[in-house]
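Residue numbers (my numbering): 1034 to 1588.
Here's the structure, in C-alpha cells; my notes come after.
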C-alpha cells in the first residue's frame, strides 16, 4: 500500500476517440501526445489506454490479432515509445490494457489451430464435441447466443467464446498459453510501461463442459458460476503477476473483475497473495429501475442511482479492503453508459455532476476518470439499433416494439443505457469541425450534448475547472492516505469522514433533487461548499445536490 500508485488519479483514454492527428476520423497515439499538456493541467497523474494492439476491431481492439505491434490506424511503435517518454518527462505514468482471456480469430494461433487440428496451437484454445446434435452445453455468451461456435475448419467440434464469436477464449490450463501471455506482458513492461489493466482475468478458468445450466432449457443462458472466479484463477494470476514483478517490482497491476463481490476484491488484491494491486468491480455502482417493465429485459431499461444501496455497498467494500488494498473509484468506463447520461439530474445537471464527483472521488481509493467526464460529456444519440452492433440490442428492440413502444422511445432507452454511445469522440472546442477531434467524420458519430473543453476553460464555474480543484484536494495526503468512515445518514445524504493524524474532514453530499435537513456537526470550519445550504438552529438544510467539505476542529 506504500507503492507509487496509491496516490494516483487515473484518466482512462479510449484511443480511437480522444484526438485524431491525421484526420482519418480515428483517434491515435500522436493525438494523445498532443494533448499531454491538457492532461497535465487537469491534474491527473496516470493514463490508462484501452487496447492499441493490431486488431480487426470486431470489439474495438479487445479482439487482438497481434500483441507485439501497434494497430496502424492508431500509430506506430515509435509513437508509443514517444508517448511513454513524454509522459515520464511530465512525471506521469502509463497503464496498458492487457487482453488475457481471449484473442481474435485472426490471430496466427487460432488460424493454425483451425488449419492443424493435431498441431501445437489447437490446445491454445477450448474445444468440445457436439452433444445430442447441438451445442456442447447451454452456456450463454455475454454478447448474446451460445458460447460455442462450429470449428470453421474440417472437424465437427465447437470452440468456446465467452464474448463475440470472433474472439475465441484461450486455454489457460495449457502451460504454453500461460508462458506465451507472460512473454507478451514482459515485452511491454520492458518497453517502459508502468502498469497493466488485466481485462476479464476472472474468466481464465472454466468449469467442466459436460455441465449444463439446470434451467430445464437448451436455450443459451449466461451462467457466470461456470466461467468466473473459479479455483484456478488465483494460482494462474499469482504466477503471472509474480513473474512480471520479478523484472519490475513496482509494476502496478489493476484487475478487471466485473462481477466480484467485496470478499473477492479482497482476495484478488491481498498483498500476501501476490496478485493484483487493486481491482475494479462493476458492483460498486448500485442503481435501480424506477418503474420496471416486466415484459422487457432489464439491461436497457433506464435506471437511477440507488443512494442507499450504494452507501451500503461502498461501506462494505471499504470494510473488506481495510488494511489490504485501495478501492477503485469510478463513475464511467467504456463498458457502461456515461455518468452524465446515467445518473445526472435533469433539473440540476451541472450541480449534480459536481456533487457526484465529490461524493465518490474524495473517498478512500484510486479514482479513474473516463475521458470527457470532466466536461460533462454524455452518451451519443444513435439513430438505429444496428448502430450498436450488438445482438442483445436487437433482441431488446424487437421485444420493446412488440410491447407497443415507439422507435423513438426504444432508441432513447438504448442511448441512455448502452456502452457504445459512451465511446463518442472527445469535444475540444466549438470552432473546428467535429469539435476539434478531427477534420474527418469520427468513426462513431451521433447527436451530442454541446459541451467542450475550450468553453469550460474560460468559465470559472465550469465542470472542468471544478474537476481541477477536486483533483488537487484528492491528491493531498489526508485524501490519499487517511482512513474513512461512511456515516449513517438520512436517505439521500451521503456523508463520510476522512482522518489522518490530528486532521479530519467531513464530506456531506445531497444526492437528490429535494432539500434535506440533517443534524448539524459542531466544531467545523467550511473548506468548500456549493449549492443552497441553510444553517438552522441545530440542523443544516442541504438543497438539491448541495455539498460541503468541512474540517473538523479539535475541542
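Cβ atoms here follow ideal geometry from the backbone N, Cα and C, with glycine treated the same way.
Rounded to a whole number of angstroms, what is the C-alpha to C-alpha distance between residue 1281 and residue 1124? 18 Å
Sort out for me which residues DSSP pairs residue 1581 with in a bridge. 1541 and 1562
Would you kindly work out how many angstroms separate the C-alpha atoms of residue 1129 and residue 1157, rounded to a whole number? 23 Å
For residue 1058 and residue 1367, which I take to be in contact (beta-carbon distance under 8 Å), what is that distance rounded to the nearest angstrom? Wrong, their Cβ atoms sit about 18 Å apart, outside the cutoff.
What are the start and end residues of the beta strand (DSSP E) that includes residue 1312? 1311-1313
Measuring CB atoms only, is the stretch 1409-1416 touching the stretch 1368-1379, in the sense that at least three cross pairs come out at less than 8 Å? yes
Run of the beta strand (DSSP E) containing residue 1364, from where it starts to where it stops: Run containing residue 1364: none; DSSP gives neither H nor E here.
Look at the Cβ atom of residue 1583, then the Cβ atom of residue 1560, and state whether they are nearer than 8 Å. yes
Separation of residue 1336 from residue 1542, as counted between CA atoms: 20 Å
Under 8 Å, do residue 1306 and residue 1267 count as touching if we go by C-beta distance? yes
Rank 1358, 1426, 1403 and 1497 by C-alpha distance to the C-alpha of residue 1513 and give the top, closest one. 1358
Residue 1443, enclosing alpha helix (DSSP H) - first and last residue: 1440-1450
With DSSP collapsed to three states, give me the class of residue 1193. strand
Assess, as a yes-or-no matter, whether the stretch 1151-1171 is touched by the stretch 1182-1193 under the definition of 3 or more beta carbon pairs within less than 8 Å. yes
DSSP three-state assignment for residue 1161, whether helix, strand or coil: strand
Decide if the stretch 1108-1127 is in contact with the stretch 1061-1071; the criterion is three or more beta carbon pairs, one per stretch, under 8 Å apart. yes
Name the DSSP bridge partner or partners of residue 1528? 1541
Start-to-end residues for the beta strand (DSSP E) that takes in residue 1081: 1079-1082
Roughly how many whole angstroms lie between the Cα atoms of residue 1389 and residue 1517? 18 Å
6 Å Cβ shell around residue 1034 - same chain, five flanking residues per side excluded: The predicted model places residue 1034 with a pLDDT of 44, which falls under 50 and marks its position as unreliable; any figure quoted below should be read in that light. None.
On the CB-based measure, 16 or more other CB atoms within 10 Å of its CB, does residue 1136 come out buried or exposed? buried
Closest to residue 1467 by C-alpha separation, out of 1053, 1036, 1506 and 1238, would be which residue? 1053
Only counting the same chain, and skipping five residues up and downstream in sequence, which positions put a Cβ closer than 6 Å to that of residue 1339? 1319, 1320 and 1321
Who are the Cβ neighbours of residue 1037 in its own chain at under 7 Å, not counting the five residues just before and after it? 1283
Would you decide whether residue 1233 is buried or exposed? Buried here means 16 or more other CB atoms lie within 10 Å of its CB. buried
For residue 1450, which residues of its own chain have a beta-carbon under 6 Å away from its beta-carbon, when the five flanking residues on both sides are left out? 1333 and 1370
For residue 1082, tell me which candidate among 1120, 1076 and 1465 has the shortest Cα-Cα distance. 1120
Going by C-alpha distance, which of 1141, 1314, 1289 and 1436 is nearest residue 1133? 1289
Residue 1586 to residue 1206, Cα distance in whole Å? 57 Å
Does DSSP classify residue 1421 as helix, strand or coil? helix
Label residue 1239 either buried or exposed according to how many other C-beta atoms from any shown protein chain fall within 10 Å of its C-beta, with 16 as the threshold for buried. buried
With DSSP run on the structure shown, which of helix, strand or coil describes residue 1275? helix
DSSP three-state assignment for residue 1135, whether helix, strand or coil: strand
Which of the three DSSP states is assigned to residue 1230 in this structure? strand
For residue 1480, is the classification buried or exposed, using 16 other Cβ atoms within 10 angstroms of its Cβ as the cut-off for buried? exposed
Sequence ranges, alpha helix (DSSP H) only - wholly within the stretch 1382-1407, length at least 4: 1382-1394
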